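Okay, so the sequence shown: first residue is 19 according to the numbering used here, each after it adds one.
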Amino acid sequence: MKTDIQIAQEATMLPIKDVAANYGITEDDLELYGKYKAKFSDEFMNSLDEKPDGKLVLMTAINPTPAGEGKTTTSIGLAQALEKLGKKSVLALREPSLGPCFGIKGGAAGGGYSQVVPMEDLNLHFTGDFHAITSANNLLAALLDNHIQQGNELRIDTRQVIWKRCMDMNDRSLRNIVIGLGRKVDGYVREDHFVITVATEIMAILCLAEDIKDLKERLSKIIVAYDVDGNPVTAGQLNAVGSMAALLKDAIKPNMVQTLEHTGAIVHGGPFANIAHGCNSVRATKMALKLSDIAITEAGFGADLGAEKFMDIKCRMAGLKPDAVVLVATVRALKYNGGVPKTDLAEENMDALKKGICNLEKHIENLQKFGVPIVVTLNAFVTDTEAEHDFIRQFCEERGCEFALSEVWAKGGEGGIELAKKVLKTLEEKESNFKVLYPDNAPLKEKVETIAKEIYGADGVTYEPAAEKMLAKLTDLGFGDLPVCMAKTQYSLSDDQTKLGRPEGFNIHVRDAFVNAGAGFVVILTGAIMTMPGLPKKPAAFGIDVDDNGKITGLF
19 MKTDIQIAQE
29 ATMLPIKDVA
39 ANYGITEDDL
49 ELYGKYKAKF
59 SDEFMNSLDE
69 KPDGKLVLMT
79 AINPTPAGEG
89 KTTTSIGLAQ
99 ALEKLGKKSV
109 LALREPSLGP
119 CFGIKGGAAG
129 GGYSQVVPME
139 DLNLHFTGDF
149 HAITSANNLL
159 AALLDNHIQQ
169 GNELRIDTRQ
179 VIWKRCMDMN
189 DRSLRNIVIG
199 LGRKVDGYVR
209 EDHFVITVAT
219 EIMAILCLAE
229 DIKDLKERLS
239 KIIVAYDVDG
249 NPVTAGQLNA
259 VGSMAALLKD
269 AIKPNMVQTL
279 EHTGAIVHGG
289 PFANIAHGCN
299 SVRATKMALK
309 LSDIAITEAG
319 FGADLGAEKF
329 MDIKCRMAGL
339 KPDAVVLVAT
349 VRALKYNGGV
359 PKTDLAEENM
369 DALKKGICNL
379 EKHIENLQKF
389 GVPIVVTLNA
399 FVTDTEAEHD
409 FIRQFCEERG
419 CEFALSEVWA
429 KGGEGGIELA
439 KKVLKTLEEK
449 ESNFKVLYPD
459 NAPLKEKVET
469 IAKEIYGADG
479 VTYEPAAEKM
489 LAKLTDLGFG
499 DLPVCMAKTQ
509 YSLSDDQTKL
519 GRPEGFNIHV
529 RDAFVNAGAG
539 FVVILTGAIM
549 TMPGLPKKPA
559 AFGIDVDDNG
569 KITGLF
């Protein structure tokens with residue numbers, strides 16, 4: 019059986035200008051990055067304002083397991099299948115982070131015969147967006163420390179510096195560090211921290227900004243520290259905005275690539291969903307809507323994280339309204355939730371399936387709270403049995419959901435025809451009555467508790483003193499009307515990754531909070547979640563190589 023990278027490297031790609039031409043985009047509308055990648059010009063993006071929007075379909079999933087779910091693969095396969103049915107479709111996806119590529123998860127270009135190509139470029143440096151975000155973030159950090167060194171006119175309290183440096187790699191050793199050691203001219207000695215690039219506020223801002231003007235306004239609001247009187251100090255006060263925007267002027271432009279079947283894919287931005295808001299850029303999604311009959315986008319990890327943030331943060335801010343949601347599951351993952359070890363998932367086990375399907379049930383219930391029609395799809399594996407499929411199909415239909423098998427990994431768009439037909443049926447027959455989960459004016463703690471109880475199934479929320487103090491302070495500073503972005507493990511509906519299925523009788527533990535004032539949300543840190551991941555004992559990097567001809571191997 020061929021690996022994903024072998025399939026991708028053997029594919030015949032069209033020049034990206036030819037892919038774009040299928041959507042009425044001329045070469046003059048593109049800024050080419052070689053033959054197979056391009057960014058859109060500002061002039062072209064502005065020209066789309068008067069075009070009508072297509073339908074918006076969100077792809078989400080159950081909680082991820084070691085068995086794999088295939089959310090991005092299914093997104094790509096669905097878009098390809100819609101094209102086969104005569105519907106113009108465009109994908110709007112996130113860019114992969116180098117951390118997972120070299121860590122344990124791998125890349126984010128799909129799999130099998132439902133991939134976005136060039137796969138190696140997408141999973142590695144792509145068009146340099148993440149490098150630009152990293153540079154802008156660290157420029158602000160450098161300007162902040164330089165301001166302190168050069169006399170500290172803003173009276174910054176060095177014990178209350180909250181801006182962190184970043185890099186797009188899993189490196190636990192950088193979570194907590196000390197900077198400024200050495201001579202007096204080497205800086206002010208203080209504790210500092212790194213986060214992964216995809217958890218930074220710059221990433222969130224890039225993904226939520228409407229244009230350069232909005233980007234600069236958001237950058238100016240970033241809180242980097244508090245002064246000795248407890249007042250916020252912003253990037254605008256540090257005169258950092260212009261130079262940061264200069265680094266981001268190209269990164270804010272969405273990127274276009276193609277699937278293996280030459281469907282257009284707009285891939286832009288990449289915040290994680292467990293520690294950030296988990297959605298591709300607003301600009302990319304809005305472009306996909308203008309260019310297609312049906313735009314397919316996705317939100318990271320399970321629906322308890324990515325889909326909730328898509329609805330409550332991205333849609334709230336950008337005025338988007340999803341017309342349908344596709345919820346991805348696998349037989350293997352449901353059996354894993356039912357207590358079957360990873361080594362035994364290939365064997366039929368109806369008892370474990372009946373026990374583990376409660377995870378899918380909770381995600382269905384959660385999505386129904388947003389008023390959007392749901393299609394459940396099973397990403398099929400050859401080890402699945404007909405009895406397992408029939409049980410899940412009946413389970414979903416009893417709960418008012420359309421159901422379809424997906425074989426897009428093995429068959430590409432052809433394997434997604436059943437799913438595409440169910441999506442089209444849902445769009446034609448069911449109306450979306452989309453609503454957010456909580457109002458803007460609800461107190462911050464009420465927002466947290468609403469998500470904890472309604473989405474996670476918790477009995478309540480416990481707060482550490484530091485979290486209580488910070489939430490009160492943020493409310494006093496005028497940030498109480500912002501939505502909340504929950505930083506929580508992706509592996510469980512709870513904040514304890516060992517609790518599979520549908521946990522009950524637990525509280526969500528909030529240990530801290532901070533505001534991303536530029537992005538426009540308050541981040542809530544729960545459980546043991548880390549904003550700088552670490553590498554596993556045997557990282558994926560061990561298997562990645564490049565031969566004498568420059569051909570990359572081992573990337574997945």
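From the three backbone atoms N, C-alpha and C, an ideal C-beta is built for every residue, glycine too.
As the structure is a computational prediction, the values presented were derived from the model and not from experiment.
| Item | Value |
| --- | --- |
| Min CB distance valine 528 to chain B below 8 Å | You won't find chain B in this structure, because it holds only one protein chain. |
| Contact under 8 Å by Cβ, isoleucine 435 with valine 75 | no |
| Cβ pair leucine 128, isoleucine 94 closer than 8 Å | Sequence inspection shows glycine at residue 128; the leucine mentioned does not correspond to that position. Yes, these two residues count as a Cβ contact at 8 Å. |
| Nearest-angstrom Cα separation, counted from aspartate 362 out to asparagine 525 | 32 Å |
| Pairwise C-alpha distance: valine 251 and isoleucine 166 | 12 Å |
| Check whether tryptophan 427 and glycine 130 have beta carbons under 8 Å apart | yes |
| Cβ-based burial, asparagine 257 [other Cβ within 10 Å; buried from 16] | exposed |
| Contact the region 488–504 vs the region 362–379: 3+ CB pairs below 8 Å | no |
| DSSP-derived helix/strand/coil call for isoleucine 214 | strand |
| Spatially closest choice to lysine 73 from Glu45, Val343 and Gln133, by CA coordinates | Val343 |
| Pair within 8 Å by beta-carbon distance, methionine 550 and isoleucine 214 | yes |
| DSSP three-state assignment for phenylalanine 328, whether helix, strand or coil | helix |
| Inter-residue spacing [alpha-carbon to alpha-carbon] between threonine 277 and lysine 20 | 18 Å |
| Completely contained alpha helix (DSSP H) runs for the region 134–219, where each covers 4 or more residues | 137–141 and 147–167 |
| Threonine 303 in three-state terms, based on DSSP | helix |
| Between the CA atoms of threonine 92 and glutamate 425 - distance to the nearest angstrom | 9 Å |
| Runs of beta strand (DSSP E) wholly within the region 45–102 (minimum 3 residues, chain order) | 48–50, 56–58 and 73–79 |
| Beta-carbon contacts of alanine 99 that lie in its chain and below 6 Å, excluding the five residues immediately before and after | Gly431, Gly434, Ile435 and Ala438 |
| 6 Å CB neighbourhood of leucine 103 in its chain, flanking five on each side removed | Ala438 |
| Cβ-Cβ separation, asparagine 155 to cysteine 119 (assumed contact under 8 Å), whole Å | Not really, about 20 Å apart at Cβ, beyond 8 Å. |
| Environment of arginine 177 [buried if 16+ CB atoms lie within 10 Å] | exposed |
| Buried/exposed call for isoleucine 195, threshold 16 Cβ in 10 Å | exposed |
| Of the listed residues Phe212, Tyr474, Met221 and Met488, nearest to isoleucine 151 (C-alpha basis) | Met221 |
| Backbone CA spacing between valine 454 and aspartate 330 [nearest angstrom] | 5 Å |
| Through-space distance from histidine 211 to serine 261, alpha-carbon basis | 23 Å |
| Within the region 451–515, ranges of the alpha helix (DSSP H) (whole runs, at least 4 residues) | 462–468 and 483–494 |
| Whole-angstrom C-beta distance between leucine 162 and valine 242, which should lie under 8 Å | 5 Å |
| Short Cβ contact (8 Å threshold) for alanine 336 with lysine 327 | no |
| DSSP three-state assignment for glutamate 420, whether helix, strand or coil | strand |
| C-alpha gap between lysine 105 and asparagine 273, whole angstroms | 22 Å |
| Residue from Lys443, Val207 and Glu228 with nearest C-alpha to leucine 199 | Val207 |
| Glutamate 28, enclosing alpha helix (DSSP H) - first and last residue | 22–28 |
| Residues bridged to glycine 129 [DSSP beta-bridge criterion] | Ser132 |
| Host beta strand (DSSP E) of leucine 233 (start-end) | Looking at the DSSP string, leucine 233 is not in any beta strand (DSSP E); the run it does join, the alpha helix (DSSP H), is 230–239. |
| Nearest-angstrom beta carbon gap, glycine 287 and glutamate 420 [assumed within contact, 8 Å] | 30 Å between Cβ atoms; not a contact. |
| 8 Å contact criterion, which leucine 345 and alanine 321 should meet: CB distance rounded | 6 Å |
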